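Enquirer:
2 protein chains.
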Amino acid sequence: MVKTSIKDIARAAGISHSTVSRALNDSPLVNAETKARVRRLAQEMGYSPDAAARSLVSGRTRTVGVVVTTVADPFVAVVVEGIERTAYAHGYSLILAASHNEPQREIAAVEMLRSKRVDSVIVTSSRVGALHQERLGSAGVPVILLNSHSQQQMPNAYSVRVDDVHGGRLATEYLLGLGHQRIAHVAGLEGHSDSNDRLDGYLSALAGAGIDYDPDCVVNGTGRLDGGPEVLRSLLALRERPTAVFCYNDMTAIGLLSAARNAGVAVPRDLAIVGFDDIPLAAHVAPALTTIAQPMFELGERAMSMALVLMGHQGIAPCDVTDVILQGQLIVREST
Amino acid sequence: MVKTSIKDIARAAGISHSTVSRALNDSPLVNAETKARVRRLAQEMGYSPDAAARSLVSGRTRTVGVVVTTVADPFVAVVVEGIERTAYAHGYSLILAASHNEPQREIAAVEMLRSKRVDSVIVTSSRVGALHQERLGSAGVPVILLNSHSQQQMPNAYSVRVDDVHGGRLATEYLLGLGHQRIAHVAGLEGHSDSNDRLDGYLSALAGAGIDYDPDCVVNGTGRLDGGPEVLRSLLALRERPTAVFCYNDMTAIGLLSAARNAGVAVPRDLAIVGFDDIPLAAHVAPALTTIAQPMFELGERAMSMALVLMGHQGIAPCDVTDVILQGQLIVREST
DNA sequence: TTGTAAGCGTTATCAT
DNA sequence: ATGATAACGCTTACAA
Chain A
1464 MVKTSIKDIA RAAGISHSTV SRALNDSPLV NAETKARVRR LAQEMGYSPD AAARSLVSGR
1524 TRTVGVVVTT VADPFVAVVV EGIERTAYAH GYSLILAASH NEPQREIAAV EMLRSKRVDS
1584 VIVTSSRVGA LHQERLGSAG VPVILLNSHS QQQMPNAYSV RVDDVHGGRL ATEYLLGLGH
1644 QRIAHVAGLE GHSDSNDRLD GYLSALAGAG IDYDPDCVVN GTGRLDGGPE VLRSLLALRE
1704 RPTAVFCYND MTAIGLLSAA RNAGVAVPRD LAIVGFDDIP LAAHVAPALT TIAQPMFELG
1764 ERAMSMALVL MGHQGIAPCD VTDVILQGQL IVREST
Chain B
1464 MVKTSIKDIA RAAGISHSTV SRALNDSPLV NAETKARVRR LAQEMGYSPD AAARSLVSGR
1524 TRTVGVVVTT VADPFVAVVV EGIERTAYAH GYSLILAASH NEPQREIAAV EMLRSKRVDS
1584 VIVTSSRVGA LHQERLGSAG VPVILLNSHS QQQMPNAYSV RVDDVHGGRL ATEYLLGLGH
1644 QRIAHVAGLE GHSDSNDRLD GYLSALAGAG IDYDPDCVVN GTGRLDGGPE VLRSLLALRE
1704 RPTAVFCYND MTAIGLLSAA RNAGVAVPRD LAIVGFDDIP LAAHVAPALT TIAQPMFELG
1764 ERAMSMALVL MGHQGIAPCD VTDVILQGQL IVREST
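Chains A and B are the protein sequences, given in the same order.
Positions in the first sequence are counted from 1; adding 1463 to them yields my numbering.
Positions in the second sequence are counted from 1; adding 1463 to them yields my numbering.
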């Protein structure tokens, strides 16, 4: 048994391959017993339909492409879980590609997906979203940006995201409410709109409280666990030491937490820390992390649902759903 | 610009589609300027080769299927990262499917991958690995099991795994060395060979120390964060309370850690806890988790490399690489 | 109800 | 160096 095609089955059954095709696709135009015989044969011969051949004629692959920065990030992992569950429920498969935060790889990934003729593409934390929407959107393949947005508002710009400005403001205002006057911010990687927006929220909260913005208080992070020690060093090196810090995401915050513990900086007494995401483990570090919760799973679900709609899967009009914005929520724990 | 095929380019250039194909594939049998003209046109017309059509004739897709339990598990996420990096480096794409620990879905996932004609399949924590190896292996598609093994040793059984028995023994012997006499074990989900093997290691260490095995000391876990409270309850309900516990994985251990903290059970004083995996966040919980480190990234890398070899990518003989077994390593932190 | 034939977008084998 | 033509495995008119 190497590989069986409908022609092989046709030969074995002594009928034409079109009848086999019809039988396998449950067409009403086939004699009931012929259908049964064909199906039994298909089973016995280990037949598996060739998706490539099928999509060559149908023009659809029942596959969506998912571009992430890396799966080894808990936030991304849960988002992908949300996408996967929804996709599976509707008979779609996922091709996964990682950009590793490099625009070049992101572009290459989307090109690969285009070549594989995926029916839709979901890109998380894109740095060049508008480009994809131009290349694919105009070719009829919906592109959904997840937690990023084009600078220029395009006609075919679909996105699902959390309100990052609001989240950043929420976090900062909470720290201000606690009485902190000197609040630092650890940004994410440059070029990401979510990081920029969270920074904007931070700045807006500061401005709202009538606090002068000190550029030194904003330090660059990596969005990863390992940046902690360096971030801590930067913060401690400031002329006037901040009493609180709002981090781009939970991984950054947890890395900082760890570095603080090793350096004997007590959290929250010496330094209050707020994260962003509420990844599953945020509640389990010590001290448990105060953070802005993103509905990660739902973000994935919504993005995939939007893709389904755009591929014509429900009766909903496409124009209803161009830009879904969800709100984050402050979760107070022990790190503040 | 909807979709451009080589025929469209041929028409625009006034040549045959076979010449276009040759030009695009950099065949030496094409006039240099024709080649240049074709390529410019392809660029301008936004041409993207149809992977389905190509693989229909070539018989290969340059795609591997990856079946995981769920991506929303840090161990799995890092493994997939390892697979992805290696795959990308060799021009392969990944189709991702989740089994959610249900044998039925695992089988459906593999069937989908078979239909998509992936060149190879990697299945993590399989519950029915032998089945896939029979269905796909005999059809010429290599199947690599990652951290699971068939009960019966088959001819085409490829696997990459950590030595779970050894790891389980290591963890338990370490606790014994600390003086613990009553050590519990929280198992993973039933039907997984890795969980069974870790249990075997635990039992073997106990036996080696001349300690009678008390079946009540082995409780069932879920492998997830959320099982903590119930596991703790089970442990506290035991007639003679254990002073230490070895958990199937870090997520189980961290869930337990959390539950212990909430219940006022001091770790490690009242209860010492050892995990398994060494997920990135294991060092950042409190107390930091003692665990058996698996080379997660390398596991993924090795599995993908093995797939490459089996697909004929290097000069290595296939027989050299049927079963890679890596050793885990004890990492002592604060939870013991 | 079934069979024949065309076509999806490629690559590959022939000729020319 | 280039062009016809067949083939990959399937779906789908169109015939019978």
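All C-beta atoms, glycine included, are put in the ideal place defined by N, C-alpha and C.
A quick note: this is a predicted structure, and the numbers were derived from the prediction, not measured.
Return the first residue and the last residue of the beta strand (DSSP E) that residue 1736 of chain A is part of.
Expert: Membership of residue 1736 of chain A in the beta strand (DSSP E) is indicated by the continuous run 1735 to 1740.
Enquirer: Could you give the uninterrupted runs of the alpha helix (DSSP H) lying entirely in the stretch 1701 to 1758 of chain A, keeping only those of 4 residues or more?
Expert: 1713 to 1726
Enquirer: Between residue 1512 of chain A and chain B, is any beta-carbon pair separated by less than 7 Å?
Expert: At a cut-off of 7 Å between beta-carbon atoms, residue 1512 of chain A makes contact with chain B.
Enquirer: Pick helix, strand or coil for residue 1589 of chain A, following the three-state DSSP scheme.
Expert: In the three-state reduction of the DSSP assignment, residue 1589 of chain A falls in the coil class.
Enquirer: Does the stretch 1554 to 1566 of chain B come into contact with the stretch 1546 to 1560 of chain A, if we say contact requires no fewer than three beta-carbon pairs (one atom in each stretch) closer than 8 Å?
Expert: At 8 Å Cβ cutoff, the stretches touch.
Enquirer: Applying the 10 Å Cβ sphere with the 16-neighbour rule, what's the burial state of residue 1499 of chain A?
Expert: Exposed: under 16 other Cβ atoms inside 10 Å.
Enquirer: Just the chain B side, please: which residues come within less than 9 Å of residue 1491 of chain A by C-beta, in chain order?
Expert: None at all; the shortest Cβ gap to chain B is about 24 Å.
Enquirer: In the DSSP assignment, find the alpha helix (DSSP H) that holds residue 1523 of chain B and state where it starts and stops.
Expert: First-last for residue 1523 of chain B: undefined, no H or E at that position.
Enquirer: Using 8 Å as the threshold, is the stretch 1666 to 1682 of chain A in touch with the stretch 1743 to 1754 of chain A, meaning 3 or more CB pairs across them?
Expert: no
Enquirer: Which complete beta strand (DSSP E) runs does the stretch 1532 to 1585 of chain B hold, if anything under 3 residues is left out?
Expert: 1556 to 1561
Enquirer: With a threshold of 8 Å on Cβ separation, who are the neighbours of residue 1628 of chain B within its own chain once the five nearest residues in sequence on each side are excluded?
Expert: 1660, 1661, 1663, 1664 and 1667
Enquirer: Check the C-beta distance from residue 1583 of chain B over to residue 1773 of chain B and give it rounded, since I have them as a contact under 8 Å.
Expert: Under the criterion of beta carbons closer than 8 Å, residue 1583 of chain B and residue 1773 of chain B qualify as touching, at roughly 6 Å.
Enquirer: Between residue 1544 of chain B and chain A, is any beta-carbon pair separated by less than 7 Å?
Expert: yes
Enquirer: Does the distance from the CB of residue 1755 of chain B to the CB of residue 1630 of chain B come in under 7 Å?
Expert: The answer is yes: Cβ separation under 7 Å.
Enquirer: When Cβ atoms are compared, which residues of the stretch 1601 to 1613 of chain A fall closer than 9 Å to chain B?
Expert: 1601, 1602 and 1603
Enquirer: Distance, Cα to Cα, residue 1609 of chain B vs residue 1789 of chain B?
Expert: C-alpha separation (whole angstroms): 11 Å.
Enquirer: What does DSSP give as the partner residue(s) for residue 1674 of chain B in the beta ladder?
Expert: None, per the DSSP bridge assignment.
Enquirer: Between the stretch 1726 to 1749 of chain B and chain A, which residues of the former have a C-beta closer than 8 Å to a C-beta of the latter?
Expert: 1743, 1744, 1746, 1747, 1748 and 1749
Enquirer: How is the beta strand (DSSP E) around residue 1647 of chain B delimited, first residue to last?
Expert: Run containing residue 1647 of chain B: 1646 to 1650, per the beta strand (DSSP E) assignment.
Enquirer: Using a Cβ-Cβ cut-off of 8 Å (strictly less than) and excluding sequence neighbours within five positions of residue 1799 of chain B, which residues of its own chain qualify?
Expert: 1637, 1638, 1641, 1707, 1731, 1735, 1736, 1737 and 1753
Enquirer: Relative to the alpha-carbon of residue 1764 of chain B, which residue among B:1787, B:1775 and B:1747 has its alpha-carbon at the smallest distance?
Expert: B:1787
Enquirer: Return the residues of the stretch 1699 to 1719 of chain B that lie within a Cβ-Cβ distance of less than 7 Å from chain A, sorted by chain order.
Expert: 1717
Enquirer: Cβ closer than 8 Å: which chain B residues qualify as neighbours of residue 1552 of chain A?
Expert: None at all; the shortest Cβ gap to chain B is about 12 Å.
Enquirer: Just verifying my parser: in three-state terms, what is the DSSP assignment at residue 1485 of chain A?
Expert: helix
Enquirer: Could you tell me whether any Cβ in chain B is nearer than 7 Å to the Cβ of residue 1527 of chain A?
Expert: Chain B contact via Cβ: absent.
Enquirer: Is the Cβ of residue 1625 of chain B closer than 7 Å to any Cβ of chain A?
Expert: no
Enquirer: Excluding five sequence neighbours on each side, which residues of the same chain lie with their C-beta closer than 7 Å to the C-beta of residue 1652 of chain A?
Expert: 1564, 1658, 1685 and 1686
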